[in-house]
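To start, the structure under review is shown below, and the notes come after it.
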Amino acid sequence: MFILYAVAIGILIGYTRGGRLKCLTMHPLKKHELAIGGLIIQLLLFSGIPFFNTIPRIISAGLHILSYILLLLFILFNRKITGIPVIGTGIFSNTLAITLNGGYMPTYVSNLESTSMEKYAESVAQGFNNSIAIADGTKLPWLCDIFHLPEWLPFSNVFSIGDVIIAAGVIIYLIINMQPTKKQSS
């Protein structure tokens, strides 16, 4: 949910600079079905729907990694659009952390307890969902979900440096691509 703040900030700044959301259509995204597929996989896997909770961890982890591969392919097809390469850098960072840690994003359980996701902390400690607890054997811990938004913020959650980079890319994408092109403004 961290990304919602980036979208709001990007749109707000885009509008204050004279941009319009309709201008985004001047920069059509290719192969958007890859991004949709990746996001649907994540949504289903980590939705709490009982059926998806019964999937063996190794399959769940593999599907989680597959979802990121789909997102990276989407980025590859759209790399010439301003902001997309930055988003891709963040997604790659998260993919690296998740892949090297067995298909799960490590996080500090104590950070989850400091967010509105406190109930989620217990399931992470038990090894459920898309996260695992950071431990001595965690690979690349600096790329993991080591930061958190305070509990008083709506949608507070843990996040990684990759998420920060994704958010920066989303803000850049919106600010720049909301601006009218020379053809539109004349």
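Just so we're aligned: 161 in our numbering is position 161 of the sequence shown, and the numbers increase by one with no gaps anywhere. Don't be surprised by glycine CBs; every beta carbon is placed ideally from N, CA and C.
(request) Can you have a look at M105 and say buried or exposed, based on whether 16 or more other CB atoms are within 10 angstroms of its CB? (result) buried
(message) Please return the same chain residues whose Cβ sits closer than 8 Å to the Cβ of I91, not counting the five positions on each side in sequence.
(response) So the qualifying residues of the chain are Y68, L71, L72, I75, G162 and I166.
(request) Specify the secondary structure class of M105 as computed by DSSP and reduced to three states. (result) strand
(request) Just the C-alpha distance for I58 and L174, rounded to the nearest angstrom, thanks. (result) 37 Å
(message) Tell me the DSSP secondary structure of I132 in three-state form.
(response) strand
(message) DSSP three-state label for H27, please.
(response) In the three-state reduction of the DSSP assignment, H27 falls in the coil class.
(request) Out of A97, V7 and F159, state which residue places its alpha-carbon closest to the alpha-carbon of F147. (result) Answer by Cα proximity: F159.
(request) Using beta-carbon positions only, say whether I9 and G83 come within less than 8 Å of one another. (result) no
(request) Starting from G14, follow the alpha helix (DSSP H) in both directions and report where the run begins and ends. (result) F2 to T16
(message) Under DSSP, the alpha helix (DSSP H) around F46 begins and ends at which residues?
(response) No alpha helix (DSSP H) contains F46, which DSSP labels as neither H nor E.
(message) Could you give the first and the last residue of the continuous alpha helix (DSSP H) run that contains F74?
(response) R57 to F77 is the extent of the alpha helix (DSSP H) around F74.
(request) Take T199 as the anchor and find which of L153, L96 and K22 has the nearest alpha-carbon. (result) Coverage of the chain is limited to positions 1 through 186, which leaves residue 199 absent and any answer about it impossible.
(message) I need the straight-line Cα distance from V86 to S93, nearest angstrom please.
(response) Rounded to whole angstroms, the separation of the alpha carbons of S93 and V86 is 11 Å.
(message) I need the DSSP call for F155, collapsed to helix, strand or coil.
(response) coil
(request) Drop a sphere of 10 angstroms on the beta-carbon of G18, count the other beta-carbons inside from all chains shown, and report buried for 16 or more, exposed for fewer. (result) exposed
(request) Look up D163 in the DSSP assignment and give the residues it is bridged to. (result) According to DSSP, which records beta bridges pairwise, D163 is partnered with nothing at all.
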